[in-house]
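Engineer:
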Amino acid sequence: MVAFFAAVMDTVTTYTGLSPAAFFTILALMCVVYKTVCSMFVDPEPPEDLKNKLISSSAAASAATAANFSNQTVIPETVQLGEVTEHELRAYDGSDPNKPLLMAIKGQIYDVSRSRMFYGPGGPYAMFAGRDASRALALMSFDPQDLTGNIEGLSDSELEVLQDWEYKFMEKYVKVGQIVSEQTSKPTKNGDKVPENQNHDGA
Ligand code: HEM
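Take the position in the sequence shown, starting the count at 1, then add 782; the result is the number in the numbering used here.
Here you go:
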């Protein structure tokens with residue numbers, strides 16, 4: 783053991799030209815400097831969401847995480863809307879955060895509130911919110927003129943594209959109602975019909 787120790791000291795002196803005492807003092811100082819510099823780049827406290835993840839096994843932590851999430855993203859409860867006109871559907875375009883975000887395909891209305899990042903104000907597909915977007919989806923068009931449920935004159939392949947969209951929506955979202963044409967809609971309080979400027983063909 784003593785021989786091994788002496789051999790290590792000899793090797794240190796041979797390779798570094800330093801006395802063993804000087805070598806180990808410098809090594810210790812380098813460790814201290816390394817530790818000090820590293821600690822300058824580490825957050826003293828983990829961020830709040832990471833802390834929640836670390837202790838997420840406890841029920842209290844899960845509740846805290848859920849509360850934290852619901853503070854940031856309030857998804858209104860899904861409510862069955864029943865029959866509405868295309869015009870009435872416009873009120874559900876996401877401009878009122880207390881109302882669900884709705885969108886229709888082939889006259890069937892879906893609650894797309896969970897995809898606010900797509901359809902909410904400022905989202906890439908915000909123009910579809912509160913609309914029957916059948917024609918736009920069938921044609922893969924962002925033209926405002928195609929924001930209608932009127933699918934007259936579409937080709938077979940365009941109708942197939944629309945069908946694929948419908949399947950996607952049926953699978954992903956809850957259906958909350960359907961669009962009725964102006965004539966079959968219920969009158970408003972003062973007996974007038976809600977004005978309508980686009981006809982939905984109900985296909
Ligand atoms: C450059 C062309 C386009 C690109 C790169 C693109 C990209 C995307 C991506 C990445 C998503 C998210 C998919 C997911 O996570 O489920 C998406 C969703 C969507 N896209 Fe596009 N898109 C394009 C064109 C279009 C067009 C022309 C339309 C219709 C007119 C359209 C309608 C939609 C809709 C409705 C959704 C949301 C579907 C849902 O609710 O899950 N996109 N798109």
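Glycine included, every Cβ here is placed at the ideal spot set by N, Cα and C.
All of these numbers come straight from a predicted model, not from anything done at the bench.
Based on the DSSP secondary-structure assignment, which residues constitute the bridge partners of I891?
Structural biologist: Residue mapping note: residue 891 aligns to position 109 of the sequence shown, counting from 1. Answer is A886 and G959, bridged to I891.
Engineer: So, at 8 angstroms on beta carbons, what are the nonlocal neighbours of I887 in its own chain, with the 5 sequence-adjacent residues on each side left out?
Structural biologist: Counting from one through the sequence shown, the residue named residue 887 turns up at place 105. Excluding residues within five positions, the ones whose Cβ falls inside 8 angstroms are D914, A915, S916, L919, L944, W947, E948 and F951.
Engineer: Does DSSP put D928 in a helix, in a strand, or in coil?
Structural biologist: If you number the sequence shown from 1, residue 928 lands on position 146. Helix, per DSSP.
Engineer: For G931, does the count of other Cβ atoms within 10 angstroms reach 16, so buried, or fall short, so exposed?
Structural biologist: Residue mapping note: residue 931 aligns to position 149 of the sequence shown, counting from 1. That one is buried.
Engineer: Do you know offhand how far R896's Cα is from E859's?
Structural biologist: Locating residue 896 in the sequence shown gives position 114, where the first residue counts as 1. Locating residue 859 in the sequence shown gives position 77, where the first residue counts as 1. Their Cα atoms are separated by approximately 10 angstroms.
Engineer: Just the Cα atoms here: how many angstroms apart are Q927 and M909?
Structural biologist: Translated into the one-based positions of the sequence shown, residue 927 becomes position 145. Translated into the one-based positions of the sequence shown, residue 909 becomes position 127. CA-to-CA, the gap between Q927 and M909 works out to about 11 angstroms.
Engineer: In the DSSP assignment, find the unbroken beta strand (DSSP E) run with E859 in it and report its ends.
Structural biologist: As a working mapping, residue 859 is identified with position 77 in the sequence shown. Unbroken run through E859: none, as it is neither H nor E.
Engineer: In angstroms with no decimal places, state the Cα-to-Cα distance between D925 and V861.
Structural biologist: Here residue 925 refers to the residue found at position 143 when the sequence shown is read from its first residue. Here residue 861 refers to the residue found at position 79 when the sequence shown is read from its first residue. Approximately 30 angstroms, taken between the alpha carbons.
Engineer: Quick one: what's got a C-beta closer than 8 angstroms to M922's C-beta in the same chain, skipping five residues either side?
Structural biologist: Along the sequence shown, one-based indexing puts residue 922 at 140. Here M922 has V943 as same chain residues with Cβ atoms under 8 angstroms from its own Cβ, once five neighbours each way along the sequence are excluded.
Engineer: Helix or strand or just coil, what does DSSP make of C813?
Structural biologist: Position 31 of the sequence shown, counting from 1, holds the residue named residue 813. The pLDDT assigned to C813 is 46, lower than 50, so where the model puts this residue is not dependable; a value taken from the coordinates is nonetheless given after this. The answer is helix: DSSP assigns C813 an H, G or I state.
Engineer: Can you find a heavy atom of the ligand HEM that lies under 7 angstroms from the Cβ of V962?
Structural biologist: As a working note, residue 962 is residue 180 in the sequence shown. No, Cβ of V962 sits at least 7 angstroms from all heavy atoms of the ligand HEM.
Engineer: Residues in its own chain within less than 6 angstroms of G864 by CB, not counting five upstream and five downstream?
Structural biologist: Translated into the one-based positions of the sequence shown, residue 864 becomes position 82. Cβ neighbours of G864 beyond the five flanking positions: G959.
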